[in-house]
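Below: one structure, written as C-alpha cells.
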Amino acid sequence: MDRFSRTELLLGPERSARLRSAFVAVVGLGGVGAPCAEALARCGVGRLLLIDGDRIIPSNINRHPWAVTGTLDVPKVLAGRERILGISPDIRVEARVEFVDETNLRTLLAEKPDVLVDAIDRVDVKVALLEAGWRGGVPVVSSMGAARRCDPSRIRTADLMETKGCPLARKVRLELKARGVGRGILCVYSDEVPAESCEEEGDRDETGRRPLGSLVTVTAAFGLHTASRALDMITAEMERR
32 MDRFSRTELL
42 LGPERSARLR
52 SAFVAVVGLG
62 GVGAPCAEAL
72 ARCGVGRLLL
82 IDGDRIIPSN
92 INRHPWAVTG
102 TLDVPKVLAG
112 RERILGISPD
122 IRVEARVEFV
132 DETNLRTLLA
142 EKPDVLVDAI
152 DRVDVKVALL
162 EAGWRGGVPV
172 VSSMGAARRC
182 DPSRIRTADL
192 METKGCPLAR
202 KVRLELKARG
212 VGRGILCVYS
222 DEVPAESCEE
232 EGDRDETGRR
242 PLGSLVTVTA
252 AFGLHTASRA
262 LDMITAEMER
272 R
C-alpha cells in the first residue's frame with residue numbers, strides 16, 4: 032500500500048485524485064498554519080504554496096510542529112518545505128520567505144489557488160487578504176484567534192459574518208463590512224472567552240511582538256479544523272462539476 036492508501040480507502044479514488052491535483056496556498060505558517068499545511072500534505076494535496084516571512088524562534092517550540100532545536104532561526108516556510116517533502120517527495124511545495132503585502136497579494140491571487148488558507152495574526156494584513164480573496168472569487172478559509180484559549184472543544188466553523196465570542200473575528204468582520212465585504216468567507220474560531228494573559232505590560236517576544244499565551248492542544252486543533260474545511264472545499268468543488 033502506498034503513502035496515501037488509507038486516505039483513498041476512506042475518500043475513494045475520485046476524491047483522492049482531486050486532492051492530488053489541488054493547489055492550496057497557506058499564508059501564515061505559525062502554530063495554526065503549520066499543522067494545517069502538514070495535514071493537507073498528509074491527506075495527499077498535490078501542490079502547496081507556503082508564505083511567511085518569520086523564522087523559528089525558541090518561544091515557538093511550545094506549539095509549532097516544525098520548531099525543534101535544530102530548526103531555530105530557520106525560516107518557517109523552509110522548515111515546512113523540508114518536512115513536507117519528507118512526508119512525500121512528490122508534493123510540489125513552494126516556500127516564499129516573505130510577508131504578504133499589496134504587491135505579492137496580487138501575484139498570489141493571480142496564481143488561482145483552489146483554496147486560500149489565511150492563518151495570519153496581523154489584523155490589517157488579514158483584512159486585506161480576505162477582502163482580496165472575496166473580491167477575486169477565491170475560496171478562503173480563515174483562522175481566527177487561537178491564543179489565550181484552553182479548550183479545543185470550543186472550536187467552531189461558520190461564515191465570518193456569523194461568528195460569536197471571538198474578539199479577533201469581530202474586529203476583522205467590522206473592518207470588512209466597512210469595505211463592503213459580505214458573506215462568503217469561511218471562518219474557524221473559538222467561542223471560548225479568552226483567558227487573562229499573564230505577561231507584564233510592555234513585554235515583547237524575540238520578534239518584538241507582545242506575547243500571548245497559547246497551548247498546542249488548541250493551536251494544532253485550529254490547524255486541523257482549518258485543513259479539514261479546506262479539504263471540504265476542494266472535494267465539494269469537484270462534486271459541483
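With positions in the sequence shown counted from 1, the corresponding number in my numbering is that position plus 31.
Each residue gets a CB set at the ideal place from its N, CA and C atoms; glycine is no exception.
Note that the structure is a prediction, hence the values are computed from the model and not measured.
Mind checking who residue i pairs with in its DSSP beta bridge?
| i | result |
| --- | --- |
| E125 | L80 |
| T188 | V219 |
Identify the continuous beta strand (DSSP E) that holds residue i and give its terminal residues.
| i | result |
| --- | --- |
| A217 | The displayed chain sequence assigns Leu, not Ala, to residue 217. Segment L217 to S221, the beta strand (DSSP E) holding L217. |
| A56 | F54 to V58 |
| V172 | V171 to S174 |
What is the DSSP secondary structure of residue i, reduced to helix, strand or coil?
| i | result |
| --- | --- |
| F253 | helix |
| V146 | strand |
| R214 | coil |
| R86 | strand |
| G196 | coil |
| A72 | helix |
| E227 | coil |
| D263 | helix |
| C181 | coil |
| L246 | coil |
| A296 | This structure cannot speak to residue 296, because the chain is shown only from 32 to 272. |
| V63 | coil |
| L103 | coil |
For the alpha helix (DSSP H) that contains residue i, what are its first and last residues?
| i | result |
| --- | --- |
| A110 | K107 to I118 |
| N93 | N93 -> no alpha helix (DSSP H), and no H or E assigned at all. |
| T38 | S36 to L42 |
| R241 | Note, R241: premise wrong, no alpha helix (DSSP H); not H, not E. |
| R166 | V154 to G167 |
| L136 | E133 to A141 |
If you drop the 5 nearest sequence neighbours on each side, which residues of the same chain put their C-beta closer than 8 Å to that of residue i?
| i | result |
| --- | --- |
| V108 | L60, L81, I82, D83, A126, R127 and V128 |
| V58 | G64, I82, D83, V131, L139, L147, V148, D149, A150, I151 and L160 |
| K157 | D149, I151, S173 and V203 |
| V154 | L199, K202, V203 and E206 |
Please return the same chain residues whose Cβ sits closer than 6 Å to the Cβ of residue i, not counting the five positions on each side in sequence.
| i | result |
| --- | --- |
| L41 | none |
| R180 | S221, E223 and V249 |
Please work out which residues of its chain come closer than 7 Å, Cβ to Cβ, to residue i, disregarding the five sequence neighbours upstream and downstream, and give them in chain order.
| i | result |
| --- | --- |
| G233 | Its pLDDT being 48, under 50, G233 is placed unreliably in this model, and the coordinates cannot settle the point. |
| A252 | P183 and I186 |
| T38 | S47, C74 and G75 |
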